[in-house]
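Engineer: A single structure is presented below for examination.
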Amino acid sequence: MRNKQKRCETGTSPLSRCHSRLDGSALLKMALHSMRKARECWNFLRALHKGPEVAPAPQKDSMKRIFSGIQPTGIPHLGNYLGAIESWVRLQDEHDSMLYSIVDLHSITVPQDPAVLQQSILDMTAALLACGINPEKSILFQQSQVSEHTQLSWILTCMVRLPRLQHLHQWKAKTAKEKQNGTMGLLTYPVLQAADILLYKSTHVPVGEDQVQHMELVQDLAQGFNKKYGEFFPVPKSILTPMKKVKSLRDPSAKMSKSDPDKLATVRITDSPEEIVQKFRKAVTDFTSEVTYEPASRGGVSNLVAIHAAVTGLPVEEVVCRSAGINTARYKLVVADAVIEKFASIKSEIEKLKRNKDHLEKVLQVGSAKAKELAYPVWQEVKKLVGFL
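Counting from -15, one number per residue, gives the positions in the sequence shown under my numbering.
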């Protein structure tokens, strides 16, 4: 008995013998392994308690600054909405820095009645808000309230050669209509357009196909300024709007325009259902009753299909497929109904906003102040670079 007790006192336990055979490094590895297992267990239990993790909301692109402008022609027409405003609304949800300007300085390149112009500015403001432009997400402002636009425009005007402006397609087209009586304002308005964009160091500009040549001028002016005075302006890129030009309902070879003398040619977004039906019923098509999309050979019907696809959000192919068996006379009414449905709520909101002139003016004042905060420091830097005190 005494011998057994002695062996027990002097012997070692199995655990002690195991530890004696392990060095410090092995013990550390075992401890870390135990800690990892414990952490995994804890994370598992916490996940059971909290439920599945929610994926973070997609982040807006904060690297881009987008600028676009629209002339105050009053209530926008269908082409304005599908060609510009609809994409503006989408872009403001994708990017952090958005500037949308009612470019009233551009509007006076042709004669204007002052009272009508003032009302047109307010009407356009109401329409943009009703269509979904949110002053909390975008800066909506009146161009003439930010004097730096015209100041920068003069600097850029002094950098561009006269023949460059005279060869722009829109100058040629508009002076042809005016019988060579175009003003200097009309000639140089693409330079003011460049100033509008560069003043905010814009990186991207949503444009239609008819503005691509003007964007090339903007890019050339930015590069020319940078070459002369050092890298300063970003060279802005175009964002082509997905909708091609909406054509006149009475002349499919021409763009839909508010100035069209034929009142049946243009659909305003506040037209009554009866007016919309009448205009589409009178839309020019051809003698083929089938609905197809062939812009080169069937401009009138293809314009209707494009409008139908745009207001419903459906692909052109699906619109054509759904219209199988419908003749063009009936199809005109189908498109009219789709347009009426699209703009019903917008029309109602415009009417409500137009009754609150003070609110519309306040929106423009606040937006113009925000735009001024961005424009002023850029203009001050331009002055220094050019050599002004």
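Even glycine gets a Cβ: it sits at the ideal position worked out from N, Cα and C.
Can the beta-carbon of G63 be found closer than 8 Å to that of K263?
Structural biologist: no
Engineer: Which whole-angstrom value describes the C-beta separation of L101 and S91, a residue pair presumed to lie in contact below a C-beta threshold of 8 Å?
Structural biologist: 7 Å
Engineer: Would you mind reading off the limits of the alpha helix (DSSP H) that contains I168?
Structural biologist: Looking at the sequence itself, residue 168 is Met, so the reference to Ile does not match. Per DSSP, the continuous alpha helix (DSSP H) segment holding M168 begins and ends at M168 to L182.
Engineer: Runs of 4 residues minimum, wholly inside the stretch 246 to 278: which ones carry the alpha helix (DSSP H) assignment?
Structural biologist: 257 to 265
Engineer: Sort M82, V175, K266 and G208 by Cα distance to R314 and report the nearest one.
Structural biologist: K266
Engineer: Pull up the CB-CB distance for V300 and V289, whole angstroms please, since I reckon it's below 8 Å.
Structural biologist: Right, the Cβ-Cβ distance comes to about 6 Å (below 8 Å), so this counts as a contact.
Engineer: Go ahead and pull the three-state DSSP assignment for I223.
Structural biologist: Strand at I223.
Engineer: Provide the residue(s) that pair with I123 in DSSP beta bridges, ordered along the chain.
Structural biologist: L83
Engineer: Cα separation between M199 and S222?
Structural biologist: Their backbone Cα atoms lie some 7 Å apart in a straight line.
Engineer: Using the C-alpha atoms, what's the distance from I59 back to S241?
Structural biologist: Note on geometry: alpha-carbon atoms of S241 and I59 lie some 12 Å from one another.
Engineer: Cα separation between L373 and G351?
Structural biologist: 29 Å
Engineer: Once DSSP output is grouped into helix, strand and coil, what is the label at K231?
Structural biologist: Under the three-state reduction of DSSP, K231 is assigned to strand.
Engineer: Enumerate in chain order the residues of its own chain whose CB-to-CB distance from V318 is below 6 Å, with the five nearest sequence positions on each side excluded.
Structural biologist: none
Engineer: Thinking C-alpha only, which one of L248, T57, T269 and S273 is nearest V261?
Structural biologist: L248
Engineer: Taking the DSSP output, what are the residues bridged to F51?
Structural biologist: Bridge pairing for F51: L83 [DSSP].
Engineer: What do you get for H343, buried or exposed, if any count of 16 or more other CB atoms within 10 angstroms of its CB means buried?
Structural biologist: exposed
Engineer: Taking just the CA atoms, how far does H292 sit from G67?
Structural biologist: 14 Å
Engineer: Over what stretch of residues does the alpha helix (DSSP H) that includes P377 continue unbroken?
Structural biologist: This structure leaves residue 377 out entirely; the chain is present only between -15 and 373.
Engineer: According to DSSP, what are the bridge partners of V189?
Structural biologist: S222
Engineer: For F51, count the other beta carbons within 10 Å of its own beta carbon; 16 or more makes it buried, fewer makes it exposed. Which is it?
Structural biologist: So F51 ends up on the buried side.
Engineer: Compare the Cα-Cα distances from K338 to each of V323, M108 and E70 and report the closest residue.
Structural biologist: Among V323, M108 and E70, the Cα nearest to that of K338 is on M108.
Engineer: Name the DSSP beta bridge partners of K239, please?
Structural biologist: K231
Engineer: Starting from H61, follow its DSSP beta bridges and name the residues at the other end.
Structural biologist: R252
Engineer: Using beta-carbon positions only, say whether V377 and S232 come within less than 8 Å of one another.
Structural biologist: For residue 377 there is no data in the structure shown, the boundaries of the chain being -15 and 373.
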